[in-house]
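The block underneath contains the structure these notes are about, expressed in structure tokens.
Protein chains: 2
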Amino acid sequence: MKIQQLRFLIEVVDSGLNVTLAAERLFTSQPGVSKQIRLLEEEAGVTIFERSGKRFTGLTAAGEAMTRAARRVLLEAENFKRVADEFRDESAGTLTVATTHTQARYVLPRVVAEFTRRYPQVRLAIREGDPHRVVENLQRGEADIGIATEALASAPGLVSLPAYSWHHLLIAPAGHPLLAQDALTLQTLASHPLITYDPAFSGRSRIDEAFRRADIEPNLVLTAVDSDVIKTYVSLGLGVGIIASMAFDSQRDSGLVAIDVGHLFGANITRLALRRGALPRRFAMAFVELLAPQLTPELVSAASREGGQSYDI
Amino acid sequence: MKIQQLRFLIEVVDSGLNVTLAAERLFTSQPGVSKQIRLLEEEAGVTIFERSGKRFTGLTAAGEAMTRAARRVLLEAENFKRVADEFRDESAGTLTVATTHTQARYVLPRVVAEFTRRYPQVRLAIREGDPHRVVENLQRGEADIGIATEALASAPGLVSLPAYSWHHLLIAPAGHPLLAQDALTLQTLASHPLITYDPAFSGRSRIDEAFRRADIEPNLVLTAVDSDVIKTYVSLGLGVGIIASMAFDSQRDSGLVAIDVGHLFGANITRLALRRGALPRRFAMAFVELLAPQLTPELVSAASREGGQSYDI
DNA sequence: TCCTATTACGTCGTCCGTAAGTATT
DNA sequence: AATACTTACGGACGACGTAATAGGA
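Chains as they are written, first to last, in the working numbering: chain A, 48 to 360; chain B, 48 to 360.
Structure (structure tokens):
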């Protein structure tokens, strides 16, 4: 049994049982993959793939279990290499962070600034996408760290930790009548045209939930991925905006006034996720600590190892 | 990086940094091992072994961490094979149980009888030794299951579960004055010549502890590994014996009388141990369940995966 | 008929074993 | 001087790529 055979096996499974596609992704020849799969099956004495003639049509029960076991082996093999990398050059390498627009635009800049100062040799890549994209990036091992408010907590194969808590702000042009209100309610809010985030972004679920629970239909005139877009249209008088607290800067956003509406929509927890079982490199843990000081390297290291879902044979 | 290189690395470390010995144990040539180690170091770009000239004198910090990581890879590789074995032939294979004399002689026979009836295809091997030997067998992967009353709970690299509880018996020839005593005390006991287990066996630690706490010096005239030896000498009138409750059978041991002295020495818990992270085969779990019905396969399977000690780089 | 996996075959790499060399105790 | 690792070299196996073949959709 060779590591590469396991790699082939996993790639075939992840390519939807298409050996040709798997071979392309592995930058090798299709017959080579085919043969190694066969050799693996012979050595194990077990049929991994259900075949109808020459097509792979599914995984046998053995194949399911062996795929899971193979993933573990590969994960540990990656970790081995990562340990070596760590010692070869403590402070060089690549750190890929998958996150959403709001985080990338308003939260990460100060973290990135400090990080690149401390680790000038680390190539930092930020992948922006919606929360499900973030999850996917992590699951595939294409990103080391994921940061998002949605989708991370329950994703299989990942561990997530709370990074920080925030709430929503209402923004409106200076002088807007809503700003003079004493106790703002959802009812009042619903009587104005609203601009906020796209579904699945930046705590939008909390907003929907609050209105639904109150059985009020908000008047959403525009939704955006991007807080800047929201602010722009609010400035133009198209409506009042609801944005994440960290997206507002009273200096930069002069002309707009923000008031706290945390009491209406509750607190949001932005979480940080890692692939379960994948040991983060030291500089990755440093990045995490810069983002959320309570997440010490020890804590993050322990979390990455914790709770491997037990798999039965 | 190849699995075999990791195997070589671990064997060299476990051979006390002696490459020649490692090569012998691996049934291969010494230069081959030497070369693969070197290749591994080159590929990783890291020095694993400290050398003084041509001798290996120690592990570098990187070597320590990489050794730990390599062990994990190998453990998962073994698990992969075990999964394959499980499916190739659900009910064939080898089960090695490491245990102490008392367990092997008095507890396991009924378990083994039932097990071999249910799994006639499984080759069952019982390795007898003192508790530290049991631990060693497990740690080296030479045994699948360890059963002992001592040493298992705190052993690194193992997980242990309580199997059953027992207590000590006092045995004496029929008619012995001690048997007529109403409330037996340590003090009374100490006034007779005693025969019991060797240190580190069958709850001997509890016996020592009880006497030490009462600040009484017992008169140990003979110690043995083996309850049968103890019974023999008790029959000969050399003294009174203290043995494990499961070692006495009033039928077979006629001529001897036993009384419970659990109130003097407390309860002993015989534990069952597995190598941490090593997935037991189904028949191994069946063996465990026969021994201790409360240890269900689900529970054992979960335990084997639990609490991987986190390792830092 | 197209697509996909297997079979066949030649080449290159690499792993392993033997033998000689060199450094350390 | 003995022991232990490294270097050198030759042989054999194995992995991979190309080309041809067979089996399904």
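Just so it is clear, CB atoms sit at the ideal spot from N, CA and C, and this is done for glycine as well.
The beta-carbon separation of residue 281/A and residue 218/A, rounded to 5 Å, stays under the 8 Å limit for a contact. Rounded to the nearest angstrom, the Cβ distance from residue 330/A to residue 53/A is 28 Å, too far for a contact under 8 Å. Burial check for residue 266/B: the Cβ neighbour count within 10 Å stays below 16, so the residue is exposed.
Every alpha helix (DSSP H) stretch that sits fully inside the stretch 286-356 of chain B and reaches 4 residues is listed by chain position as 309-312, 329-338 and 344-352. Here residue 88/B is buried, its C-beta having at least 16 other C-beta atoms within 10 Å. When the five nearest sequence neighbours on each side are left out, the beta carbons in the same chain lying within less than 7 Å of the beta carbon of residue 339/B are those of 210, 211 and 319, in order along the chain. Beta-bridge partners assigned by DSSP to residue 193/A: 145/A and 320/A.
Secondary structure within the stretch 217-275 of chain B: the alpha helix (DSSP H) runs of 4 or more consecutive residues, fully enclosed, are 233-237 and 251-260 (chain order). Taking a cut-off of 8 Å for Cβ pairs, the stretch 242-258 of chain A and the stretch 193-201 of chain A touch, as three or more such pairs fall below it. Here residue 288/B is buried, its C-beta having at least 16 other C-beta atoms within 10 Å. Leaving aside the five residues that flank residue 179/B on each side, the residues in its chain whose CB is nearer than 6 Å to its CB run, in chain order, 198. A contact is defined here as three or more CB-CB pairs under 8 Å, and the stretch 344-354 of chain A fails this definition with respect to the stretch 272-279 of chain A. Rounded to whole angstroms, residue 185/B and residue 110/A show a C-alpha spacing of 29 Å. Contact note: residue 109/B reaches chain A through 130, 131, 133, 134 and 135, using a C-beta cutoff of 9 Å and chain order.
Here residue 140/A is not near residue 299/A, since their CB atoms are 8 Å or more apart. About 6 Å separates the beta carbon of residue 80/A from that of residue 69/A, a gap short enough to meet the 8 Å contact definition. The alpha carbon of residue 341/B has as its nearest neighbour, out of 208/B, 121/B and 51/B, the alpha carbon of 208/B. In the three-state scheme derived from DSSP, where H, G and I count as helix and E and B as strand, residue 55/B is classed as helix. For residue 104/B, the three-state secondary structure derived from DSSP is strand. Residue 97/A is bridged by DSSP to 105/A. Residue burial is scored here from C-beta neighbours: residue 114/A has at least 16 other C-beta atoms within 10 angstroms and is therefore classed as buried.
The beta carbon of residue 314/B lies closer than 8 Å to those of 212, 213 and 214 in the same chain, with the five residues before and after it left out.
Taking a Cβ-Cβ cut-off of 7 Å, residue 97/A has no neighbours in chain B, whose nearest Cβ is about 14 Å from it. For the pair residue 103/A and residue 66/A, the CB atoms are nearer than the 8 Å cut-off.
Across the structure, residue 292/B and residue 156/B are spaced so that their CA atoms are roughly 16 Å apart. When C-alpha distances from residue 183/B are compared across 169/B, 171/B and 201/B, the shortest belongs to 201/B. According to the DSSP assignment, residue 80/B belongs to the alpha helix (DSSP H) that extends over 77-91. With distances taken between CA atoms, residue 50/A lies nearest to 123/A out of 123/A, 177/A and 75/A.
Per DSSP, the continuous alpha helix (DSSP H) segment holding residue 157/A begins and ends at 155-165. Taking the beta carbon of residue 119/A as reference, the chain B residues within 8 Å of it are 123, 126 and 127, listed in sequence order. Below the 8 Å Cβ cutoff, chain A contributes 130, 133 and 134 as neighbours of residue 112/B, in chain order. Cβ-Cβ separation between residue 321/B and residue 205/B: approximately 7 Å, consistent with a contact (criterion under 8 Å). Listed along chain B are 131, 132, 134, 135 and 136, each with a C-beta nearer than 9 Å to that of residue 92/A.
Residue burial annotation: residue 191/A is buried, with at least 16 other C-beta atoms found within 10 angstroms of its C-beta. Within the stretch 134-161 of chain A, contact with chain B at the beta-carbon level (separation under 7 Å) is assigned to 134 and 135. Along the stretch 325-354 of chain B, going in chain order, the ones with a CB nearer than 7 Å to a CB of chain A are 329, 348, 349 and 352.
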